[in-house]
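Trainee: Here you go, one structure.
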Amino acid sequence: MKSVFITFDQAYYEQIIGTLDRLNCRGFSYFEQVKGRGSKTGEPHFGSHAWPSMCSAIITMVDDNKVDPLLDALHKLDTRTEKLGLRAFVWNIEKTI
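In the working numbering, the protein residues as written are 70 to 166.
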């Protein structure tokens with residue numbers, strides 16, 4: 070099992086939820102307002118007067134065989150509108166209850 074942590078511009082919310090649904094990634098936790106900036110490109114998301122946009126984040130636990138299709142779908146979404154910002158990170162899940 071893997072954990073996929075997805076950070077994204079709030080404009081992506083419905084598309085990301087739709088992607089999770091299509092790939093049968095049912096369980097997730099959603100963080101509505103997250104501030105940050107990308108490490109390489111893109112605009113900061115600070116919710117301020119100068120940088121008004123905000124990020125959101127989702128963390129989901131998925132079976133190993135769902136990771137690559139999820140990352141592929143997210144990458145396609147990101148390449149269509151790179152300025153918005155979308156990143157995904159994968160961790161191994163050692164144990165769960």
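Beta carbons: idealized from backbone N, C-alpha and C, even for Gly. Note that this is a predicted model, so its numbers are computed, not measured.
Count the other C-beta atoms from every protein chain shown that fall within 10 angstroms of the C-beta of T76, then say buried if there are 16 or more, exposed otherwise.
Mentor: When all chains shown are included, T76 counts as buried.
Trainee: Which parts of the region 73–144 are runs of the alpha helix (DSSP H), unbroken and 4 residues or longer, counting only runs that do not cross its ends?
Mentor: Segments of the alpha helix (DSSP H) lying fully in the region 73–144: 82–91.
Trainee: Using DSSP's beta-bridge definition, name the partner residues of R156.
Mentor: Bridge partners of R156: T76.
Trainee: Using the DSSP secondary-structure output, state which residues sit across from K71 in a beta bridge.
Mentor: K71 is bridged to V131, N161.
Trainee: Measure the C-alpha to C-alpha separation of H118 and Q102 and round it to an integer number of angstroms.
Mentor: Cα-Cα distance, rounded: 16 Å.
Trainee: Check each candidate in L155, G111, E163 and name the one with the smallest Cα separation from D141.
Mentor: If we check each option's Cα against that of D141, L155 comes out closest.
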